[in-house]
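The letter at position 72 of the sequence shown is residue 72 when you use my numbering, and the numbering goes up by one with no holes.
Where is the CB? At the ideal position from N, CA and C, for every residue including glycine.
Predicted model only: the values in this text are computed from it and were never measured.
A short worksheet on the structure shown next.
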Amino acid sequence: MTSKQLKGPVVLLEDMPDRWQRLRQAGPVRYEESQGVWQVLDYANVAAVLADPATYSSDLSSLAPTQEDFETFRQGNFVGMDPPEHRRLRALVSQAFTPRVVQGLAPRIEALCAQLLDAVADRDRFDLVDALAYPLPIIVIAELLGVPPEEHRLFQEWASVLFGGDLLGESPDMADLERALEAIAPTIREMNGYVLGHIRNRRAHPGDDLTSQLIAAEVDGVRLEDQQIVGFVALLLVAGHVTTTALLGNAVVTFDRYSGTDAALRADPDRLPLAIEEVLRWLPPFPELGRRVTRPVVLGGHELPADTLVMVHLGAANRDPARFEAPEVFDVTRHPNPHLTFGHGIHFCFGAPLARLEARIALRMLQERFRSVAVPSYEDVTYQNPAAIVAVRQLPVEVVR
Ligand code: HEM
1 MTSKQLKGPV
11 VLLEDMPDRW
21 QRLRQAGPVR
31 YEESQGVWQV
41 LDYANVAAVL
51 ADPATYSSDL
61 SSLAPTQEDF
71 ETFRQGNFVG
81 MDPPEHRRLR
91 ALVSQAFTPR
101 VVQGLAPRIE
111 ALCAQLLDAV
121 ADRDRFDLVD
131 ALAYPLPIIV
141 IAELLGVPPE
151 EHRLFQEWAS
161 VLFGGDLLGE
171 SPDMADLERA
181 LEAIAPTIRE
191 MNGYVLGHIR
201 NRRAHPGDDL
211 TSQLIAAEVD
221 GVRLEDQQIV
231 GFVALLLVAG
241 HVTTTALLGN
251 AVVTFDRYSG
261 TDAALRADPD
271 RLPLAIEEVL
281 RWLPPFPELG
291 RRVTRPVVLG
301 GHELPADTLV
311 MVHLGAANRD
321 PARFEAPEVF
331 DVTRHPNPHL
341 TFGHGIHFCF
351 GAPLARLEAR
361 IALRMLQERF
371 RSVAVPSYED
381 VTYQNPAAIV
391 AVRQLPVEVV
401 R
């Protein structure tokens, strides 16, 4: 579909690609003087940075503000670690979170989607984020961890505070980050206490949930410490919740926006997986990732000194004409689609199979339940802070049964 077939005005989701394009026009690698940051915008260099953790470290702690409570979460939070710790922790957690475990969740995800949509069965208009996109991934994570249903609410509360989009300005500086960390400290303490209690409970009464399996997982005779499990749970909440919410919301908006998409997918439901990949390419929920340069290096003809921050732009890379044919066309049949939305290299998203599974089940169920799902007014659609995540916050939809 071309942009000529666009329906209705959209504020943010069309602005982001323009921003990425503008940034890329200034060159594939450029220094942002005002922020003291190197920006990497083309596909080849973004992939090269992500594939070289020895030169581009994921441990940004020396560049970011610290907060005592937050330190407890750094253990087990392997997205911010380098080899060899990263490899060991990811291997341990992978034992518990296997493709079979993820595939086994399908019936439960279907039941949850049905239950969430039943709750709006008597309404022709509802907020798709509130009704489905927000609660689904958080309940899936809470259930996976063996958290009892009456306590799922706690996970929802923590996720919304931890994610902290509201605490940051549009271009946050160090002082904003420090304030944000300060503000979430009480939530971190509460969550830490709860998850430690849950781990102790599972240690005494193991079940078949992920927490029990994390307790039992072992690599080279070494097991996870309790505090590492807490850090991993925090990582799941931050990395696995809002991103999946974003994917679901972005898919519904994009399918509505590019007229004909919804009808094409209904005519041939087997196309849905490719369409989801295109939504991921089009609007990556985390459009930027940070890395710290560990040693002087030449990238894109520039000399980058050690200890500087590099931001790789997944959103810009996903629209690089050197890698994608007609990158500015939203094409639900695009194949292959080597987008970088789940990252690349050793930190490639650990939950990608789960995110894809949830999206397939939820979007298919929306099509089965409703003859149409439309966004009646884009004026009523609101967005998350784009400095934190590319996603809708409120998405009022009108359905026809
Ligand atoms: C890593 C995106 C869903 C868990 C990542 C990374 C990206 C990403 C870009 C790489 C970060 C880096 O290199 O610094 C996404 C998107 C999602 C999604 C766009 C949904 C559309 C999930 C889900 C889970 C999850 C559902 C778990 C339930 C993780 C974990 C890592 C990760 C644990 C760290 C992997 C590592 O460092 O080795 N994700 N994610 N993600 N993601 Fe996801």
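Secondary-structure assignment with DSSP links P148 through no beta bridge to anything. Classified as buried, T261 has 16 or more neighbouring CB atoms from the shown chains inside 10 Å of its CB.
Annotation for F126: the continuous beta strand (DSSP E) segment containing it runs 125 to 127. Assignment of beta-bridge partners to E303 by DSSP yields V298. When DSSP states are grouped into helix, strand and coil, E328 belongs to the coil group. In this structure, DSSP gives S62 a state outside helix and strand, which the three-state scheme calls coil. Taking every protein chain shown into account, the CB of M174 has fewer than 16 other CB atoms within 10 angstroms, so this residue is exposed. Closest option to E151, judged by alpha-carbon separation, among V49, I139, A48: I139.
The Cβ atoms of L247 and V279 sit closer than 8 angstroms to each other.
When DSSP reads this structure, S372 sits in a beta bridge with V400. Residue side-chain check: H86 places its Cβ nearer than 7 angstroms to a non-hydrogen atom of the ligand HEM.
For the pair Y383 and R369, the CB atoms are not nearer than the 8 angstroms cut-off. Your pair G240 and I389 does not check out as a contact, with CB atoms roughly 13 angstroms apart and the cut at 8 angstroms.
Positions of the alpha helix (DSSP H) runs, each at least 4 residues long and wholly inside the segment 222 to 258, are given as 226 to 240, 242 to 257 in order along the chain. A distance of 8 angstroms or more separates the beta carbons of G290 and L274. Per the C-alpha coordinates, the member of Y43, A26, R30 positioned closest to A317 is Y43.
Ranked by how close their Cα comes to the Cα of V161, the residues P84, I346, L237 have L237 in first place.
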